[in-house]
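Notes follow once the structure below has been shown.
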Amino acid sequence: MPGMLGASAQTPANSQGQIERPMTLEQLRIFVEAARFGSFTVAAQQLGLTQSAVSISIRKLEEEHGVSLFDRVGRRVVVSEAGQVLLGEGERILKDIGLTALRVQSYKEDARPRTVIACSHNAYDQWIPVILSRMGRQAELPDIDLLRGSATDVTAWVMRGTADVGLSEVVPGHTTFHYFDVFRDSLILCASPDHPQATNAAFDWADLPHCAPVIWERGTDLEPVILQACDEQDIDRSALGQERLRLVSTAAVACRLLGEPTLAGFVTESVARPYLAAGELTRLGRIEIPVPYWAFALRHRDIEGLASLISDAATTPAKPARVAVPA
């Protein structure tokens, strides 16, 4: 019998008195794949199903819950507002289920020790691949599995035991955790070398409103860090003239600045470094916002040795590399 989400001893009814059927894991997997690829055909191929099976599953979900999960645009399907909510929750649920299965399997007699590290988006994208490659020669390390999510996700995964260790630029603040400051990045203000302020070595926070539009990643863990720094410097955020384009990563911000002499933007130094070295971007003044990264775990877990290895690997000099941004 398929696994069900939200099943209870008594099947709930909606406001019209109609019986609501619990969503199955199979339905959720089908929806998530269709949403990821924007295609029922591709989702069917990925799942080993027929296109009609995918279409029927999606249609039943929509009918049972009284919402449209996709908007049909020509031959394409685009996730609706309700679908976006289900996609975010669905990916989290499926990820948790996969990790739970992995943790259960780790108790087999012949299983190698495994450590699950949950990383914030920027920690995962900009730091962890290089760090793990440098740590790879440490024979005493267990096998490591990685999780990627928001700082809130990371905290929840560690709290629930889904992950052993969290790595984030946001300190969760729970007394049940212990923390280790493992490495540091910073947000700097960058622009094209053709920007009007590019040669102004004295450029500072007070000049920021005159530099509009200023862009940064939106809706991420780093946005509150940027906004807090602006508030501390008494900067009127409305004067910064954010673009309507919503960029959701610091790598996307860096790419947006290339060849755009009217824009300035906050970019992490780890992402900006190769563009600065190549002369494709320049730094405006000395504006800098510190971004410390923390490794944390429940207090009964001993992670001091792992935190030390992460810190050592992060501070080892390395040749910078550009970050690829999906088209």
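Position 234 of the sequence shown, counting from 1, maps to 234 under UniProt numbering, and the rest follow consecutively. In this text, a Cβ means the ideal position worked out from N, Cα and C, and glycines have one as well.
Exercise for the section: Locate the alpha helix (DSSP H) running through residue 127, then write down its first and last residues. Expected result: No alpha helix (DSSP H) holds residue 127; DSSP gives it neither H nor E.
Handout entry: 7 Å Cβ cutoff met for residue 268 and residue 181
Key = Contact annotation: residue 268 and residue 181 have beta-carbon atoms that are not nearer than 7 Å.
Problem - Within the segment 38-90, ranges of the alpha helix (DSSP H) (whole runs, at least 4 residues) - result: Counting only runs of 4 or more, we get 40-47, 51-65.
Practice task
Report the three-state DSSP secondary structure of residue 181 (helix, strand or coil).
Solution key: Strand at residue 181.
Exercise for the section: Could you check which residue in 296, 130, 29 has the C-alpha nearest to that of residue 161? Expected result: It is 296 whose Cα lies nearest to the Cα of residue 161.
Exercise for the section: Measure from the C-beta of residue 222 to each C-beta in chain B and report whether the shortest distance is under 7 Å. Expected result: The structure shown contains no chain B, having only a single protein chain.
Problem - Residue from 309, 169, 72 with nearest C-alpha to residue 154 - result: For the set 309, 169, 72, the Cα lying nearest the Cα of residue 154 is the one of 169.
Problem - CB contact flag (residue 144, residue 188, <7 Å) - result: No Cβ-Cβ contact shorter than 7 Å links residue 144 with residue 188.
Exercise for the section: State buried or exposed for residue 121, treating a residue as buried only when at least 16 other CB atoms are found within 10 Å of its CB. Expected result: When all chains shown are included, residue 121 counts as buried.
Problem - Nearest neighbour of residue 258, chosen from 174, 237, 238, 283 [CA to CA] - result: Of the candidates 174, 237, 238, 283, 283 places its Cα closest to the Cα of residue 258.
Practice task
For residue 33, I'd like the list of residues in its chain whose CB is within less than 7 Å of its CB, leaving aside the five on either flank, ordered along the chain.
Solution key: If we look at residue 33 and ignore the five residues flanking it on each side, its Cβ neighbours are 43, 46, 47.
Practice task
To the nearest angstrom, report how far apart residue 310 and residue 270 are at their CA atoms.
Solution key: Each residue's alpha carbon lies about 16 Å from the other.
Practice task
Pull up the distance between the alpha-carbon of residue 314 and that of residue 285, whole angstroms please.
Solution key: Rounded to the nearest whole angstrom, the C-alpha separation of residue 314 and residue 285 is 26 Å.
Practice task
Indicate the three-state DSSP secondary structure (helix, strand or coil) for residue 209 in the structure shown.
Solution key: Of the three classes helix, strand and coil, the one that applies to residue 209 here is helix, per DSSP.
Problem - Pairwise C-alpha distance: residue 49 and residue 179 - result: When rounded, the distance between both Cα atoms is 46 Å.
Exercise for the section: Tell whether a beta-carbon distance below 7 Å holds between residue 30 and residue 57. Expected result: Between residue 30 and residue 57, the gap from beta carbon to beta carbon is short of 7 Å.
Problem - Span of the beta strand (DSSP E) around residue 288 - result: Segment 282-298, the beta strand (DSSP E) holding residue 288.
Practice task
Have a look at 176, 150, 93 and flag the residue whose alpha-carbon is nearest the alpha-carbon of residue 300.
Solution key: The alpha carbon of residue 300 has as its nearest neighbour, out of 176, 150, 93, the alpha carbon of 176.
Problem - Start and end residues, beta strand (DSSP E) containing residue 311 - result: It is not in any beta strand (DSSP E) - residue 311 instead sits in the alpha helix (DSSP H) that spans 304-314.
Exercise for the section: Give me the Cα-Cα distance between residue 222 and residue 93, rounded to the nearest whole angstrom. Expected result: Straight-line Cα distance between these residues: approximately 24 Å.
Handout entry: residue 250 burial status per 10 Å Cβ neighbour count (16 or more: buried)
Key = Classification for residue 250: buried.
Problem - Residues near residue 229 in its chain [Cβ-Cβ closer than 6 Å; skip 5 each side] - result: If we look at residue 229 and ignore the five residues flanking it on each side, its Cβ neighbours are 289.
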